[in-house]
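Scroll down for the structure; my scribbles are underneath it.
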Amino acid sequence: MEIDMANKNTRAIGTEGEQKAVEFLEENGYTILKLNYRVGRIGEIDIIAQDGEYICFIEVKTRKSYSFGVPRESVTFKKQEKIKLLASIYLTNTGNIDKPIRFDIVEILMKNNNDANEMNTINLIKNAF
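Quick note: the sequence shown uses the numbering used here, first residue 100, plus one each step.
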């Protein structure tokens, strides 16, 4: 069996980015409610958190360069619609259907420093879509 090292590395960077995003959000007053909320084959929301009165559905995008554009540009309309559907399911299942909600993006740019990834920049975009 052949292992796709590029995909494995991308997944590892994504996981590392999500960990950095959680730390950043907590430092900025968010309470993490759920990580990697998945509903069957529909998809997954990276982070669900509380920010004041808002329940926030947060997509984390991590990159090592801007070669393919800024990270937020990869949250396409189709991806946004999927996140909205998942958010609706979450709100229904948790009995929070009447709570105010928000869709945020955390974009992270990593840099490689002696074979270790370090966070270069992190940007929180509230009300991203």
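In this text, a Cβ means the ideal position worked out from N, Cα and C, and glycines have one as well.
Bear in mind that the values here come from a model prediction, so they are computed numbers and not experimental data.
In this structure, E115 keeps its C-beta atom at 9 Å or more from the C-beta atom of P170. A contact is defined here as three or more CB-CB pairs under 8 Å, and the segment 182-196 meets this definition with respect to the segment 130-139. A distance below 8 Å between beta-carbons, with the five flanking residues on each side excluded, links R201 to the following residues of its chain, in chain order: D150, Y153, I154, C155, F156, K225 and N226. Taking 9 Å as the cut-off, the beta carbon of G113 is found no closer than this to the beta carbon of V174. For R137, DSSP records a beta bridge to E143. Under the DSSP assignment, Y153 falls in the beta strand (DSSP E) whose first and last residues are Y153 to R162. Residue range F176 to T193 is occupied by the alpha helix (DSSP H) that includes Y189.
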